[in-house]
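Structure first, commentary second.
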Amino acid sequence: MDVVADKGVGGAIMTPARRRWRVPKSLAWAAVAPFAAWAVARVAGLERDSLTTQLMTATPYAAAASLVPVLLSALSRNRAATAVALVTATALGFSVLPRAIGSAEATTGTPLRVLTLNMLFGHADPGVVMDLVRRLKPDVLSAQELTPGMVEELDAAGLKEAMPHRVLEPEWSAGGSGLYARYELTPLEGMFEAIGHNMPAARMSLPGAKPVELVSVHPFPPLGRQVHDWTAALDALPSAVPDRIRILAGDFNASLDHVAMRRFLNRGYVDAADAVGEGLVPTWPAHRGIPPIITIDHVVVDQRVGVNEVSIHTVTGTDHRAVFADLRVPAS
């Protein structure tokens, strides 16, 4: 107790000492440790097996939650734990926040609009897809999980007239994919080894611009033993080249927090959504009773391509959201 003398009263008044609430140091360390391990794994790209690879897609949420250990360690007055918590939150923050800020500058060039959508075994509503096509006016549509039935339904809904050029590899499974375009397409064989689902490639004749090569991307998801095929598929995607422009769009089953995806981007590419501050907008799973939580659908462009705008759109009938990118291709 504290003893306080009050001469006016004529005696000493006993007052209890104030108790300052403090978090136990052990609790602070227990809170800091998993986030520190996450930050090390994210920065160093240590994910290898299926579980850690899938967990890595939650890095944006881990970055936000890493502020809690900072508070707990500060309340514990444990300087070491506080320092580690601050470094951890900073590392995770720098890994994630640039995607919400963007770095693209206004560019000139030939306009090229790209739309990509995973159609969930051909269950996407063709009417909604055509509404997007009419409203956004894409020059290219990259479709994954494209079935023969979906091809017929889209053409019946008007896609045959809107985008008459196509290189399609449909299947009655998740393996089907295709490229639709307003301009002439020439199929490309042997550009890379497609590991996983069908990944058609084509060269498009875009007036007034360098030749543009397109790929509809759809590797296997990193589930179980498929994680090795998923890594191999991303590593096998073609690198950027100086004499033509390459644009790869689709369901990569990967986020920018995966080292395999970052390794691919480092070969001369930029994620379009990341470039304009839309990189944290989730694309999957949609229409499953919960909002989309992770970002695995991308439009990836050559570093020389300007990105004016990216928008994300929900489509009835599929668990993926469509990604639209308004691009500017360097003049020929």
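Quick note, the sequence shown lines up with residues 3 to 334 if you use this note's numbering.
Cβ coordinates follow ideal geometry from the N, Cα and C atoms, glycine included.
| field | Nearest-angstrom Cα separation, counted from THR297 out to PRO287 | value | 9 Å
| Name the DSSP beta bridge partners of VAL217, please? | DSSP output for VAL217 lists ALA203, LEU250 as bridge partner(s).
| task | Please report how far the alpha carbon of SER144 lies from the alpha carbon of GLY178, in whole angstroms. | result | 11 Å
| request: Mind the definition here: the segment 269–280 touches the segment 307–318 only if three or more C-beta pairs lie below 8 Å; say whether that holds. | output: yes
| message | Is it the case that the segment 130–137 contacts the segment 103–111, given that we only count it when at least three CB pairs across the two stretches are under 8 Å? | response | no
| query | Under 7 Å between the Cβ atoms of TYR25 and SER68? | reply | The residue asked about is misnamed: residue 25 is Val in this sequence, not Tyr. Result no, Cβ atoms of VAL25 and SER68 do not sit closer than 7 Å.
| Would SER28 be called buried (16 or more neighbouring beta carbons within 10 Å of its own) or exposed? | exposed
| Tell me which same chain residues have a C-beta within less than 8 Å of the C-beta of ALA164, skipping the five on either side of it? | MET132, VAL135, ARG136, ARG184
| Which same chain residues, not among the five before or five after LEU181, have their C-beta less than 7 Å away from its C-beta? | VAL142, SER144, ARG168, VAL169, LEU187, PRO202, ALA204, LEU216, SER218
| field | Given THR316 as reference, the closest of VAL229, ARG44, ALA65, PRO294 once Cα atoms are compared | value | With distances taken between Cα atoms, THR316 lies closest to PRO294.
| task | Could you check if GLN146 is buried or exposed, using at least 16 other CB atoms within 10 Å of its CB as the buried criterion? | result | buried
| message | Please report the straight-line C-alpha distance between GLY328 and ALA33, rounded to a whole angstrom. | response | Going by the sequence as given, residue 328 is Asp instead of Gly. For ASP328 and ALA33, the distance between alpha carbons rounds to 43 Å.
| query | How about ALA65 and LEU88: are their beta carbons less than 7 Å apart? | reply | Result no, Cβ atoms of ALA65 and LEU88 do not sit closer than 7 Å.
| said: Just to confirm, is the Cβ distance from GLY59 to ARG44 under 7 Å? | reply: This sequence places Thr at residue 59; Gly is not what is there. Not in contact: THR59 and ARG44 (Cβ atoms no closer than 7 Å).
| query | My guess is that PRO240 and MET193 are in contact by the Cβ rule of under 8 Å, so how many angstroms apart are they, rounded? | reply | 5 Å
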